[in-house]
Every structure is written in C-alpha cells, then in structure tokens.
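*Asks:* Once you've had a glance at the structure underneath, I'll fire off some questions.
In UniProt numbering, the protein residues as written are 1 to 146.
Pasting the structure below:
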C-alpha cells in the first residue's frame, strides 16, 4: 500500500491533494521494514471536526465540498480512483484548506480491467460495490462524497 501511494502521489501536484515533502530512506536498502514519509503539515481531518462541538456554517460546508470535488476532478483526470474517500481522509488546516489524503487503496484505472470488490469504508461504499461488482468507475468516489 505504501509503495502504491508513493508512486501515485509523486506525480500529483494539486492544492487539494496532500503533497509528499520528503522520503527518508532506510539505512540499509537491502533489508528494511520501515520507510518514513513526510507530508505537508495539516491541523486535523474532517472526521475530527464533525465529532467536535465546533459548529460548521453552510459556507464552511460549501467550501469543503467545493475543494473535495476540485481535488477529485484532478485525481480522476489522472485516471486514478481513490477508492477510500471518507472524512478521516480529508485533511484540514486553520485556513479551511482541504486536502485529500490516504491513497493506499487508490488504483490507476487503466492498470487492469479487473478491480477488487472490497474497497471503501462500508458507510461510504457505492451500490455497485455493495453488490460485489468488479466493474466500477470514478462514480464510486463521487458516491463517497455524498
């Protein structure tokens, strides 16, 4: 999953997609179990905001939705399916800037015709995934947005 995420994110450059700042290689490249990845700093995620007592205005919700769809349009234009969009994978900072993260389940759509049925956290899963379809499109990410 980590390697897949690194391969995808190193080619992505969009203000609504989290950016890799640095990769710290292991001391011995022949045998290693850990790799450290430094991402740009964000303050929290949408899941934490929803769970908090902090009120969200309609303007906040509209701005968050705008940024999610903007980032998703960029991701899909690169022929990538995120496949795990959920509030905890949407990072936020104090300026209300939103960035999509966690590309561990993401796939390039032209990579293979066969797709895994078990993706996306259950509450955000599109109907085609609930029906065990292995033939799905970018629509599964749009469904997850709401």
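Beta carbons: idealized from backbone N, C-alpha and C, even for Gly. In this text, all values refer to a predicted model and were calculated from it rather than measured experimentally.
Using 8 Å as the Cβ pair cut-off and three pairs as the minimum, do the stretch 80–100 and the stretch 46–60 touch?
*Replies:* Put simply, the stretch 80–100 touches the stretch 46–60. At least three CB pairs are less than 8 Å apart.
*Asks:* Can you have a look at residue 67 and say buried or exposed, based on whether 16 or more other CB atoms are within 10 angstroms of its CB?
*Replies:* Sequence index remark: in the chain shown, residue 67 carries index 67 (1-based). Under this definition residue 67 is a buried residue.
*Asks:* Rank 98, 30, 77, 73 by C-alpha distance to the C-alpha of residue 63 and give the top, closest one.
*Replies:* In the chain shown, the residue the question calls residue 63 occupies position 63. Minimum Cα distance to residue 63 is reached at 98.
*Asks:* If I follow the unbroken beta strand (DSSP E) through residue 38, where does it start and stop?
*Replies:* Taking the chain shown and counting its residues from 1, the one referred to as residue 38 is at position 38. Unbroken beta strand (DSSP E) run through residue 38: 36–39.
*Asks:* Do residue 35 and residue 26 have their C-beta atoms closer together than 8 Å?
*Replies:* Position 35 of the chain shown, counted from the start, is the residue given in the question as residue 35. Position 26 of the chain shown, counted from the start, is the residue given in the question as residue 26. Yes, Cβ-Cβ distance for residue 35 and residue 26 is below 8 Å.
*Asks:* For the candidate residues 19, 44, 141, whose alpha-carbon lies nearest to that of residue 86?
*Replies:* The residue labelled residue 86 in the question sits at position 86 within the chain shown. Measuring from the Cα of residue 86, the nearest candidate turns out to be 141.
*Asks:* Looking at the secondary structure, which residues open and close the beta strand (DSSP E) in which residue 98 lies?
*Replies:* Position 98 of the chain shown, counted from the first residue, corresponds to residue 98. From DSSP, the beta strand (DSSP E) with residue 98 extends over 98–100.
*Asks:* For residue 73 and residue 138, what's the separation of their Cα atoms in angstroms?
*Replies:* Numbered from 1 along the chain shown, position 73 holds the residue referred to as residue 73. Numbered from 1 along the chain shown, position 138 holds the residue referred to as residue 138. Whole-angstrom Cα-Cα distance: 10 Å.
*Asks:* Closer than 6 Å by C-beta to residue 88: which residues in its own chain qualify, once you throw out the five before and the five after it? Chain order, please.
*Replies:* As a first step, residue 88 is located in the chain shown; it is residue number 88 there, counting from the start. For residue 88, the CB contacts under 6 Å within the same chain, skipping 5 residues up- and downstream, are 45, 47 in chain order.
*Asks:* Residue 92 lies in the beta strand (DSSP E); which residues open and close that run?
*Replies:* On the chain shown, position 92 is the one that residue 92 refers to. Its beta strand (DSSP E) spans residues 90–92.
*Asks:* Since residue 4 and residue 104 should fall inside the 8 Å C-beta cutoff, what is the C-beta to C-beta distance between them, to a whole number of angstroms?
*Replies:* Here the question's residue 4 lines up with position 4 in the chain shown. Here the question's residue 104 lines up with position 104 in the chain shown. Between residue 104 and residue 4 the Cβ distance is about 7 Å, and since that is below 8 Å, they are a contact.
*Asks:* On the three-state DSSP scale, how would you describe residue 113?
*Replies:* Locating residue 113 in the chain shown gives position 113, where the first residue counts as 1. Only weak support is given to the placement of residue 113: the predicted model assigns it a pLDDT of 45, under 50, and the value that follows is read from those uncertain coordinates. Three-state result, residue 113: coil.
*Asks:* Going by other Cβ atoms of all chains shown within 10 Å of its Cβ, with 16 needed for buried, is residue 113 buried or exposed?
*Replies:* Counting from one through the chain shown, the residue named residue 113 turns up at place 113. With a pLDDT of 45 at residue 113, under the threshold of 50, the modelled position of that residue is not reliable, and the figure given next carries that caveat. Result: exposed.
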